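Below you'll find the structure, written out as structure tokens, and then a few comments.
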Amino acid sequence: MCLEDRKMTNTEILRFIVEELKKTELEWNTNKELFELICDPIPFGNDRFEKRKKAKETIKKFFDKAGVSFDAKRFDSLVKNIVCGHHEAQYRDELLTFLDQTARENKISIEEDLSQIVAQIPCKQEGERNYKTHFSNWLNDITQRINSHQVKKQLEQNFYFPPSLWTKGELTVKTAIREGVAKFVAQRTTEKDKHFETMRQKLQNSNTSTFQKEKEHITALEQMNQTDTMLFINQNYPLQQKFSQHFIQKMALVLYQKGYYALLANDIFPALDIHIQEQKEFKKLRAHVEGSPSVGNYRKAFYILDTITTDDPMEYIDIRTEAISNYRRHTLIYATLTKEEKIESIQEIIGFYQHVFTFNQTYHYYPAINLSYMLTLENLLLENKNLQKNINEIYNKTKTSIYKEKSSQDKTQCYYANITDLEFLLLKERANPIAELERYLDMEVEYIPFAELARTQRQMLFFIDTIKSLYGTHTKILDTMHQATEVIEDFMECSARI
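Numbering (the working numbering), first residue to last: -8 to 489.
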């Protein structure tokens, strides 16, 4: 029997429509919208909301029982991130950190396992799985009722089918369905683009006077000290109700360059919409801030970096190196380890840096200098007589990337290439490394990004503190590194007064 002669059953027609829809660029939830037009809505999502409500109420009861109130807005925001975000593991960790900090600050002990309760909050992926199950059940149900006049009529309207479709042969029916689905998708896409463009413009655009006022605020913030900046934020809290998201983004960049990391972490980042926080470049900024000494949330910085994906080998090296560095700080500063366990951790971290350093035989200076710091720590603890040989070998492999980026037009890349070269001088214990550092800072004062210089100082201070805690005796490298941090501190203080 040829296709034109064969008649399709009504159930086969419905399922063919679904198969054609799956081939389109429409998201799966558009199918939900479509079939809700055809007949009864799908019972979707009620159990998720009940689970979320129950978990929130349970957590609040613990704190109410202890007579403690906490930042309800912050709590609701963190729960919403779990429900709506794409990285629920990170968001669950953030919520647990918030609850733990609240408990510690109020000196209360919660016997219940909060992690088990937080785990009950349903995430976005769970919602998608639940929906697909509901949709499958609904489709089985509707195929039992496809013969109803109402369902057929709705299909004809949505897909521009002729009433005679149900009596035609298979070839004619499939052709009509493909054409009807194409028209439906085109109409839905056009409507969606038009509506979203309208909303986008209304959300992003501000009137001329507001834009000018925000521009003036940014100029003023660039001149403010930290006390005045905090006063400005407090006077305009909550920021997201007073200013546009564009302004808050600009404000974040200004405060980052000035090194006001605690302000960023506590007041600015929470005021930004989730879609901005999820942007790759903003994730990097957040990771820098969370991993700074004034914030010290190294675990959170690691998780943020772990969510960034890239196909660029150099970006991969940067992200992985910074992630390892935050893991290193968390492990060697916060984790309760014996001296032997810390030595094992240092050796483990050396392996992590070694992997990134040799990745694609790139031999970039960023993982190289971090690897050299850790080898120096290991040497002080285990007296590795091949240390200088090892560092010289690393430096020789790294020189190409250092010299290449010293001539970069990018101010930050140029700075890091130069400062890494100087750090190698310190670690190799060459003559007069401090004089070389002072000469570089004096000559390049106009081109040195202060936020990045502060990160270099942080690296050295971490090295000094780790030596003191593990080695416990006077060393030449400790004296030299301490002098270097004082030179950087003096330079930043003097430059700030100019």
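Ideal Cβ positions, reconstructed from N, Cα and C, are used throughout, including at glycine.
Computed from a predicted structure; not experimentally measured.
Contact check, residue i vs residue j, beta carbons under 9 Å
{"i": "TYR325", "j": "TYR289", "result": "yes"}
{"i": "ALA243", "j": "PHE260", "result": "yes"}
{"i": "LEU418", "j": "ILE337", "result": "no"}
{"i": "ILE382", "j": "SER363", "result": "yes"}
{"i": "ASN317", "j": "GLY342", "result": "no"}
{"i": "LYS52", "j": "ASP67", "result": "no"}
{"i": "TYR407", "j": "GLU435", "result": "no"}
{"i": "ALA256", "j": "GLN231", "result": "no"}
{"i": "ILE112", "j": "VAL172", "result": "no"}
{"i": "LYS478", "j": "LEU432", "result": "Contrary to the premise, residue 478 reads as Val rather than Lys in this sequence. Yes. Within cutoff."}
{"i": "TYR294", "j": "ASP84", "result": "yes"}
{"i": "LYS402", "j": "TYR438", "result": "yes"}
{"i": "ASN409", "j": "LYS397", "result": "yes"}
{"i": "THR88", "j": "ASP62", "result": "no"}
{"i": "ILE209", "j": "LYS241", "result": "yes"}
{"i": "MET365", "j": "TYR386", "result": "no"}
{"i": "ILE8", "j": "LEU146", "result": "yes"}
{"i": "GLN148", "j": "LYS291", "result": "no"}
{"i": "ILE424", "j": "THR367", "result": "At residue 424 the sequence reads Pro, which differs from the Ile that was named. Not closer than 9 Å, so no."}
{"i": "GLU205", "j": "PHE238", "result": "yes"}
Span separating the alpha-carbon of residue i from that of residue j
{"i": "GLN236", "j": "ASP264", "result": "7 Å"}
{"i": "LYS459", "j": "PRO358", "result": "24 Å"}
{"i": "HIS346", "j": "LEU378", "result": "19 Å"}
{"i": "HIS234", "j": "LEU254", "result": "This sequence places Phe at residue 234; His is not what is there. Near 17 Å, if we compare the C-alpha coordinates of LEU254 and PHE234."}
{"i": "GLN268", "j": "ILE310", "result": "17 Å"}
{"i": "GLN404", "j": "LEU373", "result": "34 Å"}
{"i": "LYS44", "j": "ARG65", "result": "16 Å"}
{"i": "ARG430", "j": "MET215", "result": "30 Å"}
{"i": "ARG446", "j": "LEU461", "result": "23 Å"}
{"i": "HIS266", "j": "GLU369", "result": "42 Å"}
{"i": "ASN1", "j": "PHE175", "result": "20 Å"}
{"i": "GLU11", "j": "GLU161", "result": "15 Å"}
{"i": "LYS23", "j": "ASP55", "result": "With a pLDDT of 47 at LYS23, under the threshold of 50, the modelled position of that residue is not reliable, and the figure given next carries that caveat. Each residue's alpha carbon lies about 40 Å from the other."}
{"i": "LYS330", "j": "ASP258", "result": "38 Å"}
{"i": "GLU544", "j": "THR163", "result": "Residue 544 is absent from the model: the chain starts at -8 and stops at 489."}
{"i": "LYS159", "j": "LYS144", "result": "16 Å"}
{"i": "ILE29", "j": "PHE150", "result": "With a pLDDT of 46 at ILE29, under the threshold of 50, the predicted position of this residue should be treated as unreliable, though the coordinate-derived value follows. Rounded to the nearest angstrom, the two C-alpha atoms are 11 Å apart."}
{"i": "ARG320", "j": "SER399", "result": "30 Å"}
{"i": "ASN225", "j": "GLU384", "result": "52 Å"}
{"i": "PHE223", "j": "VAL245", "result": "14 Å"}
Beta-carbon separation (whole angstroms), residue i vs residue j, contact threshold 8 Å
{"i": "ILE360", "j": "GLU427", "result": "That pair is no contact at about 15 Å."}
{"i": "THR353", "j": "ILE308", "result": "6 Å"}
{"i": "THR457", "j": "LEU323", "result": "6 Å"}
{"i": "ILE108", "j": "THR166", "result": "At roughly 55 Å, the Cβ-Cβ gap does not stay under 8 Å, so ILE108 and THR166 are not in contact."}
{"i": "ALA422", "j": "MET451", "result": "Between MET451 and ALA422 the Cβ distance is about 19 Å, and since that is not below 8 Å, they are no contact."}
{"i": "LYS274", "j": "ILE315", "result": "Their Cβ separation, rounded to whole angstroms, is 17 Å, which puts LYS274 and ILE315 out of contact at 8 Å."}
{"i": "VAL142", "j": "ASN97", "result": "Their Cβ separation, rounded to whole angstroms, is 58 Å, which puts VAL142 and ASN97 out of contact at 8 Å."}
{"i": "VAL280", "j": "TYR247", "result": "7 Å"}
{"i": "LEU296", "j": "GLU272", "result": "Wrong, their Cβ atoms sit about 13 Å apart, outside the cutoff."}
{"i": "MET483", "j": "PHE441", "result": "6 Å"}
{"i": "TYR356", "j": "THR411", "result": "5 Å"}
{"i": "PRO304", "j": "ARG449", "result": "In fact, because the Cβ distance is near 26 Å, the residues do not count as touching under 8 Å."}
Simplified DSSP assignment, three categories, for residue i
{"i": "LYS159", "result": "coil"}
{"i": "LYS98", "result": "coil"}
{"i": "LYS275", "result": "helix"}
{"i": "LYS14", "result": "coil"}
{"i": "LYS(-2)", "result": "strand"}
{"i": "SER285", "result": "coil"}
{"i": "ASP302", "result": "coil"}
{"i": "ILE259", "result": "helix"}
{"i": "ASP67", "result": "helix"}
{"i": "GLY342", "result": "helix"}
{"i": "HIS355", "result": "coil"}
{"i": "LYS249", "result": "coil"}
{"i": "ILE265", "result": "helix"}
{"i": "PHE293", "result": "helix"}
{"i": "ILE112", "result": "coil"}
{"i": "GLY58", "result": "coil"}
{"i": "ALA326", "result": "coil"}
{"i": "SER235", "result": "coil"}
{"i": "MET242", "result": "helix"}
{"i": "ASN227", "result": "coil"}
{"i": "PRO154", "result": "helix"}
{"i": "THR349", "result": "coil"}
{"i": "ASN317", "result": "helix"}
{"i": "MET215", "result": "coil"}
Closer than 9 Å to chain D by CB, residue i
{"i": "PHE66", "result": "Note that chain D does not occur in the displayed structure, where there is just one protein chain."}
### Query
Residue ranges of each alpha helix (DSSP H) run of no fewer than 4 residues wholly in the stretch 411 to 483, ordered along the chain?
424 to 434 and 441 to 461
#### Entry: Every unbroken alpha helix (DSSP H) within the stretch 357 to 413, with a cutoff of 4 residues, ordered by chain
378 to 397
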